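Q: Below is a structure I'd like to ask you about.
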Amino acid sequence: MIAFLSSFENYNTTTFAILANKTLTTVLAGRVRQGMTPAISALAVIIIAITVTGAIIYEIVKSAEMRREARRSAAG
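In terms of our numbering, the sequence shown opens at residue 55 and continues consecutively.
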């Protein structure tokens with residue numbers, strides 16, 4: 055996941071580092087240059103949804119752990 059997000063962040067590095075293979079970042083950039091299509095917008099929504107879902111799950115797990123720790127401290 056970190057490599058995936060890093061390739062979006064470092065577009066210039068990704069562009070110069072690849073030879074013949076295409077990455078998701080370079081394909082999307084090429085399509086944006088040609089004109090926006092609904093597929094690019096749909097992919098953006100999916101990426102945002104996955105990120106938000108992951109953040110929410112992380113917060114739920116962390117708050118549950120904190121509540122367990124608080125109960126252990128109060129009981130012990």
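Beta carbons are placed, not taken as given, at the ideal position from N, Cα and C, and that holds for glycine. Everything numeric in this text was worked out from a predicted model, so none of it was measured.
Tell me whether Thr-91 sits in a helix, a strand or coil according to DSSP, three-state version.
A: Sequence index remark: in the sequence shown, residue 91 carries index 37 (1-based). Coil at Thr-91, not helix or strand.
Q: Tell me the rounded alpha-carbon separation between Ser-127 and Arg-87.
A: The sequence position of residue 127 within the sequence shown is 73, counting from 1. The sequence position of residue 87 within the sequence shown is 33, counting from 1. About 57 Å.
Q: So, helix, strand or coil for Lys-76, using DSSP?
A: The residue given as residue 76 occupies position 22 in the sequence shown. Three-state DSSP puts Lys-76 in coil, outside helix and strand.
Q: Quick one: Cα of Ala-129 to Cα of Ile-102, how far?
A: As a position in the sequence shown, residue 129 is number 75, starting the count at 1. As a position in the sequence shown, residue 102 is number 48, starting the count at 1. Cα to Cα, the separation comes out at about 41 Å.
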